[in-house]
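There are 2 protein chains.
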Amino acid sequence: MPRGGKRSGAGRPKGTGKYSESTKAIRVPESMVERILEFAHSGGFKLPLYGGKVAAGCPAPTDDYIEGMLDLSEHLIHDPASTFFVRVTGYSMINAGIHPDDILIVDRSLQANHGKIVIAAIDGELTVKRLYKKQGEVRLMPENDDFEPIEIGSEETLHIWGIVTNVIHTV
Amino acid sequence: MPRGGKRSGAGRPKGTGKYSESTKAIRVPESMVERILEFAHSGGFKLPLYGGKVAAGCPAPTDDYIEGMLDLSEHLIHDPASTFFVRVTGYSMINAGIHPDDILIVDRSLQANHGKIVIAAIDGELTVKRLYKKQGEVRLMPENDDFEPIEIGSEETLHIWGIVTNVIHTV
DNA sequence: CATGTTGATAAAAGTACATTATTCTAGGCT
DNA sequence: AGCCTAGAATAATGTACTTTTATCAACATG
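Chains A and B, in that order, give the protein sequences.
Quick note: the first sequence uses this note's numbering, first residue 1, plus one each step.
Quick note: the second sequence uses this note's numbering, first residue 1001, plus one each step.
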């Protein structure tokens, strides 16, 4: 009892797979297999970013008012090779929105211009301050009235590790 | 002229590959191949996190004072399915370190308890406020003296989208 | 004619295998 | 003895192939 004959048009349709897209076999370290599968499945850790206005009384996030999909690493880190994090200690930059235990995103490849917030090493202590650099004078300015500016004279050497681009604060 | 004989001990040693680790072939969407290879190669977007103390006069980040390697997505997002981002507008939470254009990380799965900073929808407008919830009274408290608390009476319905866990501020 | 069943078809997923890359040893050479 | 080299050994890599999964057209059935 054959049900023979041509079957053109039959077959599994395209895009019916896990990713709705054709896939490729690649080789990755065994220890990362799980994370990479999660990464691939969630579309690269991208999550929705919502803007200000939403439908009246809307009880939950809706796609209507989405600004886009955002990946934190992609958004905050432009050059992984020159970026690192620093954990904040102390209150000297509180008026710049930098609190103790915050994590700073620091880029080593940016120019240390006047007015930038920098990570500097002074006497073996890591410090975050706003850089003042005008008319040959160099100072590290705190943003808290309880602290004094640090004057960088000819004796001291200023080692600037990098420029702060973002502050991550835990509420 | 055979150079025959045993060659025990010969052969390519383990861990001499790109990842210094044995690998596994997995299948990923074609459009993500590049990003995933970058992801795998950089060890999962992990970057160094430095603590407070460093060697005296040390001119550049050294491994000696590293706290660990950190991946932003992993550190800030505990449940991708219930997490989203919201862009801040307005100054009503400035004293909580939440500035206009900051990005908030919001978790929908957390309890909206008294004192938490929440994302709520009021009259079609998305708003971030501190939740006051005591003795049957519910209020949305700004953290800026120029703004008034919002009383939630029996007429209004409060739609809480989620709890703010982190603030990302661009300096 | 409507409905159900079966096997043809084709994509997706996973894996084994062939290929490539790397290192090391034994034997030859100086 | 020390240096050089062919090729033996083995891990790493990429891809071809096999297995699995999904859908649909043709046929049978009521």
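Every residue gets a Cβ at the ideal spot worked out from N, C-alpha and C, and that includes glycine.
This one's a predicted model, so the numbers in the text were calculated from it and none came from an experiment.
Considering only their Cβ atoms, is the gap separating I1077 (chain B) from V1167 (chain B) smaller than 9 Å? no
Let me make sure I understand the geometry here. Which of A:M32, A:G162, A:H99 and A:H41 has the alpha-carbon closest to that of S109 (chain A)? A:G162
Closest by C-alpha distance to S42 (chain A), when choosing among B:F1085, B:L1131 and B:A1081: B:A1081
Say the cut is 8 Å; is the CB of G1043 (chain B) nearer than that to a heavy atom of the ligand COA? Absence of the ligand COA from the depicted structure is noted, as is the absence of any ligand whatsoever, leaving it without description.
When the distance is taken between beta carbons, is T1165 (chain B) closer than 9 Å to V33 (chain A)? no
For R1139 (chain B) versus E1155 (chain B), is the C-beta spacing smaller than 9 Å? no
Residues near G1044 (chain B) by beta carbon distance below 7 Å, same chain, minus five either side: D1071
What did DSSP end up calling R1130 (chain B) once you bin it into helix, strand or coil? The answer is strand: DSSP assigns R1130 (chain B) an E or B state.
Taking just the CA atoms, how far does H1099 (chain B) sit from Y91 (chain A)? 18 Å
Which word fits K129 (chain A), buried or exposed, when buried means at least 16 other C-beta atoms lie within 10 angstroms of its C-beta? buried
Complete runs of the beta strand (DSSP E) confined to the region 24–96 of chain A [at least 3 residues]: 47–50, 66–70 and 83–87
Does the Cβ of P1149 (chain B) have 16 or more other Cβ atoms within 10 Å, making it buried, or fewer, making it exposed? exposed
Same chain, Cβ closer than 8 Å to F1039 (chain B), five either side skipped, listed in chain order: Result list for F1039 (chain B): F1045, in chain order.
Min CB distance M1032 (chain B) to chain A below 9 Å: yes
Where does D1123 (chain B) sit, in a helix, a strand or coil, going by DSSP? coil
Quick check on this structure: which residue in A:V88, A:L126, A:N95 and A:N113 has the alpha carbon closest to the alpha carbon of D146 (chain A)? Comparing Cα positions, the closest option is A:N95.
Just how far apart, CA to CA, sit A1056 (chain B) and E125 (chain A)? Low per-residue confidence applies at A1056 (chain B): pLDDT is 49, beneath 50, and the placement is therefore not dependable, though the value from the model is reported in the following sentence. Approximately 7 Å, taken between the alpha carbons.
Exposed or buried, P1029 (chain B), counting other C-beta atoms within 10 Å across all chains shown (16 or more means buried)? buried
Taking C-beta pairs closer than 9 Å, name the residues in chain B that E137 (chain A) reaches, listed in chain order. What E137 (chain A) touches in chain B: nothing, since even the nearest Cβ is about 21 Å away.
Own chain partners of E67 (chain A) with C-beta closer than 7 Å, once the 5 adjacent residues on each side are dropped: L49, Y50 and G51
Verify the CB distance criterion: does G15 (chain A) have a CB-CB separation below 9 Å to chain B? No, no contact with chain B.
Mind listing the chain A neighbours of I1036 (chain B)? Cutoff is C-beta to C-beta under 9 Å, in chain order. I26, V28, I36, F39, A40 and G44
When the distance is taken between beta carbons, is L1131 (chain B) closer than 9 Å to H1114 (chain B)? yes
Go through its chain and collect everything with a Cβ distance to M1093 (chain B)'s Cβ below 8 Å, but skip five positions before and after it. The beta carbon of M1093 (chain B) lies closer than 8 Å to those of I1117, V1128, K1129, R1130, P1142, E1143 and N1144 in the same chain, with the five residues before and after it left out.
So, is A1025 (chain B) buried or exposed, given that buried needs 16 or more other C-beta atoms within 10 angstroms? Result: exposed.
If the cut is a Cβ gap below 8 Å, which residues of chain B does P80 (chain A) touch? S1042, F1045 and L1047
Does the Cβ of S1008 (chain B) have 16 or more other Cβ atoms within 10 Å, making it buried, or fewer, making it exposed? S1008 (chain B) should be labelled exposed.
If I follow the unbroken beta strand (DSSP E) through V164 (chain A), where does it start and stop? Where V164 (chain A) is concerned, the enclosing beta strand (DSSP E) starts and stops at H159 to T170.
Can you pull the chain A neighbours of F1085 (chain B), defined as C-beta to C-beta under 8 Å? L47, P48, L49, Y50 and L70, listed in chain order.
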